[in-house]
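Have a look at the structure below, then the notes.
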Amino acid sequence: MRIITNPEQGRHDPPFEIIDGRLTPYHETPRRVAIITEALAAAGWPAPETPRSFGTAPLLAVHDADYLAYLESAYPAWVAAGHPPEAVVPCNFLLPGLRAGSRSPQGLAGRYTFDLSAPIVAGTFAAARASADAALTGAALLLEGERAAYALCRPPGHHAARALAGGYCYLNNAALAAHYLATADHRRQTTDDRPQTTDDQPSPVWAMQPATVAILDIDFHHGNGTQAIFYERSDVFFVSLHGDPEREYPYFLGFADERGTRAGEGYNLNLPLPAGVDDSGYLPVLDSALAALASYSPRYLVVSAGLDTFGGDPLGDFALTTACYARIGAQIAQLGLPTLFVQEGGYALDDLGRNVASLLRGFEQA
Ligand SMILES: [Zn+2]
């Protein structure tokens with residue numbers, strides 16, 4: 067399995083976040099990449115590759131241009147306006163009934179962010195682009211015939227929507243990879259009856275046809291951003307197992323009755339789970355998710371691989387073991403699809419590396 071990561075990702079290193087009303091050291095630390103890289107090296111994998119540079123076109127296919135411009139300019143504009151240099155953090159949010167007029171650094175932060183866990187520092191945009199390039203490189207490798215790749219992304223991506231940052235996420239790495247795969251596949255299918263598309267437009271949709279790409283999100287938290295990006299599309303099927311939003315972040319999406327809309331109706335499947343789920347409770351639900359996924363006959367699989375389902379994770383309430391990740395990897399491998407693993411969450415730093423190694427080894431050895 068090819069492994070991709072970029073040292074530039076380390077430039078995103080916010081000093082703090084606010085969780086449960088408390089100022090807390092930032093859980094999504096650059097150390098996560100070093101921890102995972104060391105564990106994979108110890109388990110015998112070769113050193114990671116540096117990603118290719120994809121420029122802005124693939125980003126604009128998934129994210130709005132004004133949002134990308136904001137991410138790039140937010141920190142210098144914030145500092146120039148005299149705000150504290152630690153990080154860009156909104157003080158209020160653009161909610162229904164309010165107006166989006168303010169172009170001030172605080173106004174823009176509240177417009178393009180949905181929580182207090184996505185501070186922007188000097189290196190955030192460069193790191194997010196480097197992380198996106200890692201995912202896109204993994205997608206390109208699948209198109210070139212690789213069976214599997216692992217994009218060791220950070221910052222992660224699955225909470226980021228077209229024009230919203232939140233939950234440690236700025237650019238949606240998994241969505242970028244999925245869209246890249248879906249549109250490349252459309253272009254290739256000159257002999258079948260699917261409509262043609264380009265990278266610059268949302269894919270046209272056609273009801274109840276096989277999805278080109280499936281995204282399996284196994285992060286503890288619902289991938290609200292990924293769901294939102296593909297919610298009206300039938301070329302990308304999204305399925306997620308996660309802590310029930312009735313009790314867990316992101317609270318406002320991830321319920322079982324969210325099935326997609328318009329042409330995307332039926333192409334979104336949420337499987338919210340109760341607190342304390344252990345290996346024996348989780349694996350049968352994963353089986354049902356994979357069966358649903360297989361019924362759409364996708365050509366490629368993108369796995370939003372969060373490891374915060376681990377029993378010792380500070381941000382989750384599941385009870386999965388290290389050994390369970392090998393079984394998850396093996397079950398995913400049974401699909402027989404070209405598969406891209408994209409790193410999402412996972413904050414139990416003492417166990418994160420071996421949990422990732424377990425997942426990837428389980429996949430490879432299946
Ligand atoms: Zn998570």
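Everything in the sequence shown is counted per the working numbering, starting at 67 for the first residue and increasing by one.
The C-beta atom is built at its ideal place from N, Cα and C for all residues, glycine as well.
Please read all numbers here as calculations on a predicted model, not as lab measurements.
So, with DSSP's three-state summary, where would you put residue 147?
Of the three classes helix, strand and coil, the one that applies to residue 147 here is coil, per DSSP.
Cβ of residue 286 within 6 Å of any heavy atom in ligand 1?
Taking the Cβ of residue 286 as the reference point, at least one heavy atom of ligand 1 falls within a distance shorter than 6 Å.
For residue 361, does the three-state DSSP call read helix, strand or coil?
If DSSP states are grouped into helix, strand and coil, residue 361 belongs with coil.
What three-state label does DSSP hand residue 104 in the structure shown?
The answer is helix: DSSP assigns residue 104 an H, G or I state.
Would you call the CB atoms of residue 399 and residue 432 closer than 7 Å?
It is a contact, given that the beta carbons lie within the stated cut-off.
For residue 210 and residue 85, the rounded distance between their alpha carbons:
Using only the alpha carbons, I get a separation of about 42 Å.
Quick check: the Cα distance between residue 394 and residue 148, rounded to an integer number of angstroms?
Taking the straight line from one Cα to the other gives about 49 Å.
Residue 279 in three-state terms, based on DSSP
Reduced to three states, the DSSP call for residue 279 is strand.
Sequence ranges, alpha helix (DSSP H) only - wholly within the region 362-428, length at least 4
Complete alpha helix (DSSP H) runs here, min 4: 388-399.
Going by the DSSP bridge assignment, what does residue 50 pair with across the sheet?
Absent from the structure is residue 50, since the part of the chain shown begins at 67 and ends at 432.
Near residue 185, which residues of its chain fall below 7 Å by C-beta distance, leaving aside the five closest residues on each side in sequence?
Same-chain partners within the cutoff: 80, 83, 153, 154 and 155.
Taking the alpha-carbon of residue 405 as reference, which of 320, 212, 344 and 387 has the nearest alpha-carbon?
The shortest C-alpha to C-alpha distance from residue 405 to any of 320, 212, 344 and 387 is the one to 212.
Taking 6 Å as the cut-off, is the beta-carbon of residue 378 closer than that to any non-hydrogen atom of ligand 1?
Residue 378 Cβ: outside cutoff for every heavy atom of ligand 1.
Every unbroken alpha helix (DSSP H) within the region 75-130, with a cutoff of 4 residues, ordered by chain
If we require 4 residues or more, the alpha helix (DSSP H) runs fully inside the region 75-130 come out as 97-108 and 123-126.
Pull up the CB-CB distance for residue 372 and residue 411, whole angstroms please, since I reckon it's below 8 Å.
Taking the Cβ atoms as the reference, residue 372 lies roughly 4 Å from residue 411, within the contact range of under 8 Å.
Classify residue 216 as helix, strand or coil using the three-state DSSP reduction.
Shown here, residue 216 sits in a strand according to DSSP, grouped into three states.
Compute the distance between the beta-carbons of residue 294 and residue 236, then report whether it is under 7 Å.
No, they are not a contact pair.
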